[in-house]
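A.B. asks: Residue numbers (my numbering): 162 to 433.
Even for Gly, the Cβ is constructed at its ideal location relative to N, Cα and C.
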Ligand SMILES: [Zn+2]
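Dropping the structure here:
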């Protein structure tokens with residue numbers, strides 16, 4: 162999915178504020194994708210709305226606006242409204258057609274204590290999930306660009322995004338990121354500048370870092386051998402986050418790399 166920021170050129174003419182619905186264009190994307198939209202509009206303030214949420218939209222000069230809409234991994238197939246709105250009126254009402262992703266099935270076998278949890282462990286896992294989820298909605302003021310410089314390091318994808326997982330034969334939630342296998346100690350770099358929102362040692366995720374990049378874009382790195390950052394640090398693109406390991410529930414050294422965008426789970430590769 163390397164070609165994925167799907168830049169779709171919407172040739173809406175520069176309309177006056179009172180104009181409505183230039184073209185009703187239907188854009189397309191699959192579950193877990195980032196769909197890029199581009200439009201022309203002469204005004205200085207424009208909002209992009211889809212799935213009941215606002216999405217980042219920025220003016221790139223000469224009346225051209227660029228925005229991104231994210232389709233959550235579990236978003237139902239169908240046709241949804243896209244609204245481009247000025248302060249006073251709608252500029253365009255387009256559609257986004259969401260198709261089902263084709264996701265692999267993944268089976269792993271782990272020690273029983275990593276699959277069946279006692280009450281105390283379950284409470285710990287729930288608390289850690291809650292802490293991690295809080296980072297998905299933490300506000301970070303940063304550069305509105307969402308394009309990433311590459312993966313955190315080069316490696317082989319051992320479990321792709323969206324895989325339907327079975328742990329010791331039991332179905333689990335779909336894989337919300339990609340797993341990249343590499344020798345322990347491989348340096349993990351942030352693909353995009355951002356603020357460190359979380360550094361934690363979690364029961365299932367192991368040593369984990371979450372980074373906020375602004376615009377509701379948050380990336381998460383798990384199962385690390387060691388972390389090299391502190392909450393609150395500002396990291397420049399390609400700065401070291403930590404090293405690959407197999408902490409938490411892992412069958413071998415790898416990085417679990419997850420990305421949330423406006424709290425939707427997306428394929429990290431779709432931002433490359
Ligand atoms: Zn994973």
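Going by the DSSP bridge assignment, what does residue 404 pair with across the sheet?
C.D. replies: Residue mapping note: residue 404 aligns to position 243 of the chain shown, counting from 1. BP columns for residue 404 point to 348 and 387.
A.B. asks: Taking DSSP as the reference, what is the three-state secondary structure of residue 182?
C.D. replies: Here residue 182 is taken as the residue at index 21 of the chain shown, counted from 1. Confidence at residue 182 is low in this model, with a pLDDT of 38, below 50, so its placement is unreliable and the value that follows should be read with caution. Coil, per DSSP.
A.B. asks: Between the beta-carbon of residue 256 and the beta-carbon of residue 236, is there less than 9 Å?
C.D. replies: Sequence index remark: in the chain shown, residue 256 carries index 95 (1-based). Sequence index remark: in the chain shown, residue 236 carries index 75 (1-based). Against a cut-off of 9 Å, the Cβ pair of residue 236 and residue 256 comes out as no contact.
A.B. asks: Any heavy atom of ligand 1 closer than 8 Å to the beta-carbon of residue 383?
C.D. replies: Along the chain shown, read from residue 1 onward, the residue named residue 383 stands at position 222. Within the cutoff, so yes.
A.B. asks: Alpha carbon to alpha carbon, how far is residue 404 from residue 347? Give it in angstroms, no decimals.
C.D. replies: On the chain shown, position 186 is the one that residue 347 refers to. On the chain shown, position 243 is the one that residue 404 refers to. The straight-line gap from Cα to Cα measures roughly 5 Å.
A.B. asks: Could you tell me if residue 182 is buried or exposed, where buried requires 16 or more neighbouring beta carbons within 10 angstroms of its beta carbon?
C.D. replies: Sequence index remark: in the chain shown, residue 182 carries index 21 (1-based). Because residue 182 carries a pLDDT of 38, less than 50, the predicted location of this residue cannot be relied on, and no value is offered for it.
A.B. asks: At a cut-off of 8 Å, is residue 417 close to ligand 1 when judged by its beta-carbon and the heavy atoms of the ligand?
C.D. replies: Taking the chain shown and counting its residues from 1, the one referred to as residue 417 is at position 256. Yes; taking the cut-off as 8 Å, the Cβ of residue 417 has a heavy atom of ligand 1 nearer than that.
A.B. asks: Taking a contact to mean a Cβ-Cβ separation below 9 Å, would you say residue 240 touches residue 210 in this structure?
C.D. replies: Within the chain shown, residue 240 is the residue found at index 79, counting from 1. Within the chain shown, residue 210 is the residue found at index 49, counting from 1. The answer is no: Cβ separation not under 9 Å.
A.B. asks: I'd like the list of long-range same chain contacts for residue 328, defined as Cβ closer than 7 Å, with 5 residues on each side in sequence excluded.
C.D. replies: On the chain shown, residue 328 is found 167 positions in, with the first residue counted as 1. So the list reads 269, 271 and 276, once near-sequence residues are dropped.
A.B. asks: Assuming residue 241 is part of the beta strand (DSSP E), what are its boundary residues?
C.D. replies: Against the chain shown, residue 241 aligns to sequence position 80. Taken as a continuous stretch (DSSP letters only), the beta strand (DSSP E) holding residue 241 covers 239-247.
A.B. asks: Among residues of its own chain, excluding the 5 on either side of residue 238, which ones have a beta-carbon nearer than 7 Å to its beta-carbon?
C.D. replies: Taking the chain shown and counting its residues from 1, one reaches residue 238 at position 77. Here the set comprises 259, 260 and 261.
A.B. asks: Can you look up residue 325 in the DSSP assignment and give me helix, strand or coil?
C.D. replies: The residue given as residue 325 occupies position 164 in the chain shown. Three-state DSSP puts residue 325 in a strand.
A.B. asks: Let me check one thing: in DSSP terms, what residues is residue 435 bridge-paired to?
C.D. replies: This structure leaves residue 435 out entirely; the chain is present only between 162 and 433.
A.B. asks: Given this structure, state the Cα-to-Cα distance separating residue 337 from residue 326, to the nearest angstrom.
C.D. replies: Counting from 1 along the chain shown, the entry for residue 337 is found at position 176. Counting from 1 along the chain shown, the entry for residue 326 is found at position 165. So the alpha carbons of these two residues sit roughly 10 Å apart.
A.B. asks: Sorted by chain position, which residues of the same chain lie with C-beta nearer than 7 Å to residue 391's C-beta, five sequence neighbours on each side aside?
C.D. replies: As a first step, residue 391 must be located in the chain shown, where it is residue number 230. Cβ neighbours of residue 391 beyond the five flanking positions: 357 and 360.
A.B. asks: If we cut at 9 Å on Cβ distances, does residue 206 have a partner in chain B?
C.D. replies: Checking the listed chains, one finds no chain B in this structure; it contains a single protein chain.
A.B. asks: Between which residues of its own chain and residue 381 is the CB-CB distance below 6 Å, once the five residues before and five after are set aside?
C.D. replies: As a working note, residue 381 is residue 220 in the chain shown. Hits under 6 Å: 371 and 419.
A.B. asks: To the nearest angstrom, report how far apart residue 352 and residue 279 are at their CA atoms.
C.D. replies: Within the chain shown, residue 352 is the residue found at index 191, counting from 1. Within the chain shown, residue 279 is the residue found at index 118, counting from 1. In a straight line, the C-alpha of residue 352 is about 37 Å away from that of residue 279.
A.B. asks: Quick check for students: name the residue ranges of the beta strand (DSSP E) that lie wholly in the region 256-285, counting only runs of 3 or more.
C.D. replies: Complete beta strand (DSSP E) runs here, min 3: 266-269.
A.B. asks: In chain order, what residues of the same chain have a beta carbon less than 8 Å from the beta carbon of residue 314, not counting five sequence neighbours either side?
C.D. replies: As a first step, residue 314 is located in the chain shown; it is residue number 153 there, counting from the start. Taken in chain order, the residues that qualify are 341, 343, 347, 348, 349, 350, 405 and 416.
A.B. asks: Please state whether DSSP places residue 294 in a helix, a strand or coil.
C.D. replies: As a position in the chain shown, residue 294 is number 133, starting the count at 1. Residue 294 falls in the helix class under three-state DSSP.
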